[in-house]
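Notes for the one structure printed next.
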Amino acid sequence: TGLAFFYHRYRFPGSTLFATLVITPIVFPPLVSVISYMWLFGEAGVVPGLIRDWLGLARAPFALKGFSGILLIHVYTQFIYFYMLVSAALERFDHSVEEAAAVLGASRWYTLRRVTLPMLVPALVAASLIVFMVSMSSFSAPYMLGDRFRVLSIQIYLSKLNGNMEMAATQSVVLGAICIIIVLALRWYENRSQYASTGKGIGLRPIPMRSGAARSVAVVLSVLFSLVLLLPHIMLFIISLVPTGTWTWQTVPPVLSFVNYSFLFTRPDLWAPVKNSIIMAGMATVAGVLFALVASYLVTKGRFVGRQLIDALIMIPWALPGTIIAISMIIAFNRPLPITFGRVLVGTFWILPLAYFVNLIPLIVRSTSASLQQLDNSLIEAALTLGASWFTVFRRVILPIVMPGVLSGALLMFVQGFGEFTSSILLYIADNRPISIGILERLQFFHLGEAAVLGIVQVILMMIVLVVTRHWLGNRSHQAYF
Numbered sequence: 494t495g496l497a498f499f500y501h502r503y504r505f506p507g508s509t510l511f512a513t514l515v516i517t518p519i520v521f522p523p524l525v526s527v528i529s530y531m532w533l534f535g536e537a538g539v540v541p542g543l544i545r546d547w548l549g550l551a552r553a554p555f556a557l558k559g560f561s562g563i564l565l566i567h568v569y570t571q572f573i574y575f576y577m578l579v580s581a582a583l584e585r586f587d588h589s590v591e592e593a594a595a596v597l598g599a600s601r602w603y604t605l606r607r608v609t610l611p612m613l614v615p616a617l618v619a620a621s622l623i624v625f626m627v628s629m630s631s632f633s634a635p636y637m638l639g640d641r642f643r644v645l646s647i648q649i650y651l652s653k654l655n656g657n658m659e660m661a662a663t664q665s666v667v668l669g670a671i672c673i674i675i676v677l678a679l680r681w682y683e684n685r686s687q688y689a690s691t692g693k694g695i696g697l698r699p700i701p702m703r704s705g706a707a708r709s710v711a712v713v714l715s716v717l718f719s720l721v722l723l724l725p726h727i728m729l730f731i732i733s734l735v736p737t738g739t740w741t742w743q744t745v746p747p748v749l750s751f752v753n754y755s756f757l758f759t760r761p762d763l764w765a766p767v768k769n770s771i772i773m774a775g776m777a778t779v780a781g782v783l784f785a786l787v788a789s790y791l792v793t794k795g796r797f798v799g800r801q802l803i804d805a806l807i808m809i810p811w812a813l814p815g816t817i818i819a820i821s822m823i824i825a826f827n828r829p830l831p832i833t834f835g836r837v838l839v840g841t842f843w844i845l846p847l848a849y850f851v852n853l854i855p856l857i858v859r860s861t862s863a864s865l866q867q868l869d870n871s872l873i874e875a876a877l878t879l880g881a882s883w884f885t886v887f888r889r890v891i892l893p894i895v896m897p898g899v900l901s902g903a904l905l906m907f908v909q910g911f912g913e914f915t916s917s918i919l920l921y922i923a924d925n926r927p928i929s930i931g932i933l934e935r936l937q938f939f940h941l942g943e944a945a946v947l948g949i950v951q952v953i954l955m956m957i958v959l960v961v962t963r964h965w966l967g968n969r970s971h972q973a974y975f
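Heads up, the sequence shown is in the numbering used here, so the first residue is 494 and it goes up one at a time.
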């Protein structure tokens, strides 16, 4: 929140670039960010090792693990939600109300407390809700760094691993109940008051820093903070250049080459998880697009009793961690059902695409609904009055308007499914190992460079999706889902 205020209130050399670099953690999938931080600050990490060598210590002075390690990972990967949503709110904020408060004699602190912050409550509550849900469903950080610190998502996984599905189901119910209660409480708090401005919507104009000393301090601090944010990205790239077996006891990798990148295209065992993830995420996305077009139209344009209930049911997976989705699917599809044409889906290739679809469908439905809300019903009625068929109306009127939202939601659904780890580790089989499981397997066999290359693939794909989505939706791209 402080960063959002700082970069939107003041202008200094490079401020626009630094404001963009703040969101770089968003291109890191959870598992990839965790392993990057492990290589940096873990028990055998580069930073503790360099400090040990420099000070002549017998052992590393610290290691990233347990509660502190999980907390650091969560702060690094999730502060961007507050930054992005508060930044969006500040762009829409009517600065004239602050000026009016100042004219009436209000101090800066009083204006901040009674004028500015109340107008930002919806953004702060939305960001808090997202951070809470992401933290509650977090699996990668507790799994890789938890040590003796236990969390429910890991306990569910261990119960399933030990074959105790009754305990896994019970733990899932407890975790799901906590998540739903907190979501409802935050929604109630957000909706209990009105946060609206009666001004003309004149946005805030950034204030140029006139003091040379202030500009220098701002630039130096921004450079240091940007380096801290980019350090995991740099580390991931460096490790991707480490050939297998060359980095053992040394503090820093002694050999660097691009051999691991060539393996990506020449070794079937390294390419197979990438191919599986493309296929399964693609299947889930295609099904998601078809479902979202119908469901979003019913929710936003339908005139029947129960459409709000449909919307709530569609959004339930968003309020549940991936471990709960996976356990629910194991229980539901571990026997033949009419809906599965008499087949058992658990233990087959199809269970993961279905899990991705269920887990991520709120993304594309929200995105499509946001676009449909901009469609005036009179356009549809006019086309039907002029004799156009419903299919023609859909193809020539509805689809062109909602297409940016559909495509951006589809891209986000694809990239999230492509790197999904939480449900995958509970549901995968040998024939459908996704890229996240491929990364984990290579870490277990100490093929660090190959694991990093697969992580680079995920990061590049995420960057492409963000650029394309921002091009289609502009500054609204990060608001359509919340």
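Note that CB positions come from ideal geometry on N, CA and C, so glycine has one too.
Predicted model only: the values in this text are computed from it and were never measured.
Note: residue 504 is bridge-paired with 701 in the DSSP secondary-structure output. Residue 855 counts as buried, since no fewer than 16 other beta carbons sit within 10 angstroms of its beta carbon. Taking the C-beta atoms as reference points, residue 663 is found no nearer than 7 Å to residue 815. If you draw a straight line from the Cα of residue 777 to the Cα of residue 770, it is about 10 Å long.
Residue 782 and residue 903 have their alpha carbons spaced roughly 7 Å apart. Judged by pairs of C-beta atoms under 8 Å, the segment 948-963 touches the segment 518-530, as three or more such pairs exist. DSSP, reduced to helix, strand and coil, places residue 922 outside both helices and strands of the structure shown, so it counts as coil.
Between residue 789 and residue 871, the C-beta gap is not smaller than 7 Å, which leaves the two residues out of contact.
By the Cβ-count criterion, residue 682 is exposed, with fewer than 16 other Cβ atoms from all chains shown falling within 10 Å of its own Cβ. The beta carbon of residue 543 sits closer than 8 Å to those of 744, 745, all from its chain and outside the five residues before and after it, given in chain order.
Residue 653 is classed as buried because its beta carbon has at least 16 other beta carbons within 10 Å across all chains shown. Residue 835 sits in coil when the DSSP states are folded into three classes, being neither helix nor strand. The C-beta distance from residue 926 to residue 765 rounds to 7 Å, short enough to meet the 8 Å contact threshold. Fewer than three beta-carbon pairs drawn from the segment 536-551 and the segment 610-624 are found closer than 8 Å, and the two stretches are therefore not classed as touching. Residue 875 is classed as exposed because its beta carbon has fewer than 16 other beta carbons within 10 Å across all chains shown. Per DSSP, residue 558 is not a residue of any alpha helix (DSSP H), being assigned neither H nor E. Contiguous alpha helix (DSSP H) elements confined to the segment 865-892 occur at 870-878, 883-886, taking only those with 4 or more residues.
In the DSSP assignment, residue 640 falls outside any alpha helix (DSSP H), carrying neither H nor E. Residue 757 places its beta carbon less than 7 Å from that of residue 763.
One thing to note: residue 812 has its Cβ within 7 Å of the Cβ of residue 673. Contact check for residue 920 against residue 819 passes: the beta carbons are separated by less than 7 Å.
In this structure, residue 572 lies away from residue 557, with their beta-carbon atoms at least 7 Å apart.
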